[in-house]
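In terms of my numbering, the sequence shown opens at residue 25 and continues consecutively. Where a beta carbon is used, it is the ideal one built from N, C-alpha and C, also for glycine. Remember, it's a predicted structure, so these values are computed and weren't measured experimentally.
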Amino acid sequence: MIICIIGSGGREHAICKTISISPKVSKIYCLPGNAGTQELAENINLDINNFKKILKFLKESKVDLVIVGPEKPLVNGIVDYLENNNIKVFGPRKIPSQLEGSKTFTKNICKKYNIPTANFGIFEKKEDAIKFLKNSKFPIVVKADGLAAGKGVYISKNLSEAIEAVNEVFDGKFGVAKKILVEEFLNGEEMSFFIVCDGKNFKIFKTAQDHKRVNERDEGKNTGGMGAYSPSGLINESLEIKIIDKIISPTLKALQEMGEKYKGFLYAGLMILDNEPFLIEYNVRMGDPECQTILPLLKTDLIDIFNACCNQELDNMNIEWKEEKSLCIVLCSRGYPDKFKNNIKINNLNNLTLNNNDFIFHAGTTGKGNEIFSNGGRVLNFVSLSNSFKSSRERVIKLIEQLNWENGFFRKDIGFKIIDK
Ligand code: AMP
Ligand code: GLY
25 MIICIIGSGG REHAICKTIS ISPKVSKIYC LPGNAGTQEL AENINLDINN FKKILKFLKE
85 SKVDLVIVGP EKPLVNGIVD YLENNNIKVF GPRKIPSQLE GSKTFTKNIC KKYNIPTANF
145 GIFEKKEDAI KFLKNSKFPI VVKADGLAAG KGVYISKNLS EAIEAVNEVF DGKFGVAKKI
205 LVEEFLNGEE MSFFIVCDGK NFKIFKTAQD HKRVNERDEG KNTGGMGAYS PSGLINESLE
265 IKIIDKIISP TLKALQEMGE KYKGFLYAGL MILDNEPFLI EYNVRMGDPE CQTILPLLKT
325 DLIDIFNACC NQELDNMNIE WKEEKSLCIV LCSRGYPDKF KNNIKINNLN NLTLNNNDFI
385 FHAGTTGKGN EIFSNGGRVL NFVSLSNSFK SSRERVIKLI EQLNWENGFF RKDIGFKIID
445 K
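What follows is the structure, encoded as structure tokens:
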């Protein structure tokens, strides 16, 4: 099969590497890809928001299957556009993608189907939001509706912080904001829960814990993700049943009752309080860096899973996993998530000796000839599998130290809640 992957991050390199070992894959294109995908695939420099140009390329290149990595093209309806033009695509269509694209879409489903989530109010006017805040308990969470690339969420400790957040959102810090969400602060532990879905049936696609804050001990600004481990230490059989029965199944039912089907990865961001799950948010894709953390554990051919999803045959499939613990640390450009420099050369990458349980997935990198340069805030993902999170972490840190990239920084404490307790 000829495959095309849309996206350029660590998630897409991990997908690329995982499908590259499938005997069913003859050729991979990445749009636009990075220096890592370039070694396995042909990178094509196309704007991933220009659906018309993408369609033309796919037809000319006789692509059999498209895999969409990031949320933006999904929320903007790339799957509808390509499917309407007879292209096979793994990913959800536009309306189900509103699970990520619109927080109020998801909250309204939660309300109607009794899905456990933080209590909330949705406001279209600044004055109404502020009036509500004046009668609220703190801390409280203020969220912009719509896609804000992981930003647009404020945890406000008091009324003045919350009012400032409301002002920033309505003043357009995250683009035009028509609606704002104010919700109760849930004081639990987070977990990322993944499923893969064919429109009729779904399978669990493991759990992970990511670390969104830039500094050790989960302090400082929010980032796209500084590292992750899988499986999450919180998951157990009874919790899994509750997540499926109280959150996943009612959500899929809600979509069905709207006349929609969900095909693709679905990522539930959960807060767990006393073994009870609450939905914080949905993402209509794999997480990044959770994807890089989870895929090395997969034993089943990923292309078989994608095909089963597109052909509504997931029910017959048994997805198999390795038993090991996986841990990922992201090597970032100094300064991230604020200002950082691009185009800093990364020497040494080819001198690292990786064993079978070590993986390096590129994110913000670009290749020029035989040389690799940084091209983003999150640059490389180092992943290692072993019998314990502690030894996976030690191995990953050793590899990053061997690389010794002078412009890089990383968190040494990924997994601290499970390793260092
Ligand atoms: P989101 O973009 O909705 O995932 O929010 C970003 C982060 O804010 C989450 O990963 C949580 O750490 C935190 N967060 C969001 N909503 C809540 C909530 N209701 N209570 C506590 N923390 C929250
Ligand atoms: N790691 C968080 C995300 O992908 O949204």
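Asked: F209 versus I442 - alpha carbon distance; Found: 23 Å
Asked: Cβ-Cβ separation, V354 to P320 (assumed contact under 8 Å), whole Å; Found: Contact doesn't hold; Cβ gap of about 15 Å is too wide.
Asked: At least three beta-carbon pairs within less than 8 Å, the region 363 to 374 to the region 405 to 422; Found: no
Asked: Residues near S412 in its chain [Cβ-Cβ closer than 7 Å; skip 5 each side]; Found: K349
Asked: For I304 and G145, the rounded distance between their alpha carbons; Found: 14 Å
Asked: Coarse secondary structure for R237, derived from DSSP in three states; Found: strand
Asked: Coil, strand or helix - F330 by DSSP; Found: helix
Asked: Validate contact between the region 135 to 144 and the region 110 to 123 using beta carbons, cut 8 Å, 3 pairs; Found: no
Asked: In chain order, each beta strand (DSSP E) run of at least 3 residues that lies wholly inside the region 363 to 411; Found: 382 to 386, 389 to 392, 395 to 398, 402 to 410
Asked: Cβ neighbours of G257 in the same chain (closer than 8 Å, five flanking residues each side left out); Found: Q233, K441, I442
Asked: Which residues DSSP lists as bridging M295, in chain order; Found: E214, F302
Asked: Spatial distance of A201 from K96 (CA atoms); Found: 17 Å
Asked: Between the CA atoms of K181 and P163 - distance to the nearest angstrom; Found: 4 Å
Asked: Boundaries (first-last residue) of the alpha helix (DSSP H) holding A38; Found: 34 to 44
Asked: Per-residue DSSP class, three states only, for F440; Found: helix
Asked: Whether V190 touches I179 by CB criterion (8 Å); Found: no
Asked: Rounded separation between S416 and L351 - CA only; Found: 6 Å
Asked: DSSP three-state assignment for S254, whether helix, strand or coil; Found: strand
Asked: Neighbour-count burial assignment, P47, 16 or more Cβ in a 10 Å radius; Found: exposed
Asked: Residue closest to C221, alpha-carbon to alpha-carbon, out of I39, V90, K285; Found: K285
Asked: Rounded distance between the beta-carbons of K203 and T128, thought under 8 Å; Found: 5 Å
Asked: Residues bridged to D222 [DSSP beta-bridge criterion]; Found: K287
Asked: Between the CA atoms of V99 and Y105 - distance to the nearest angstrom; Found: 12 Å
Asked: Residues near V49 in its chain [Cβ-Cβ closer than 7 Å; skip 5 each side]; Found: M25, I27, I43, I327
Asked: Reduced DSSP category for I268 - H, G, I as helix; E, B as strand; rest coil; Found: helix
Asked: The region 246 to 263 touching the region 271 to 280, judged by at least three CB pairs closer than 8 Å; Found: no
Asked: Helix, strand or coil at L106 [DSSP, three-state]; Found: helix
Asked: Residues sharing a beta bridge with M205, DSSP; Found: Checking the displayed sequence, the identity of residue 205 turns out to be Leu instead of Met. In DSSP, L205 forms a bridge with I146, K167.
Asked: C-alpha gap between K369 and K392, whole angstroms; Found: 10 Å
Asked: Beta strand (DSSP E) segment containing S180, residue limits; Found: 177 to 180
Asked: Assigned secondary structure, F114 (DSSP; H/G/I helix, E/B strand, else coil); Found: strand
Asked: Meets three-Cβ-pair contact criterion under 8 Å: the region 328 to 338 and the region 49 to 60; Found: no
Asked: Paired residues, beta bridge with L89 - DSSP; Found: I27
Asked: Any non-hydrogen atom of the ligand AMP within 7 Å of A332 CB; Found: no
Asked: Close-in-space but distant-in-sequence residues of the same chain around A186 (CB under 7 Å, 5 per side omitted); Found: L157, I164, V166, S180
Asked: heavy atom of the ligand AMP below 7 Å from F147 C-beta; Found: no
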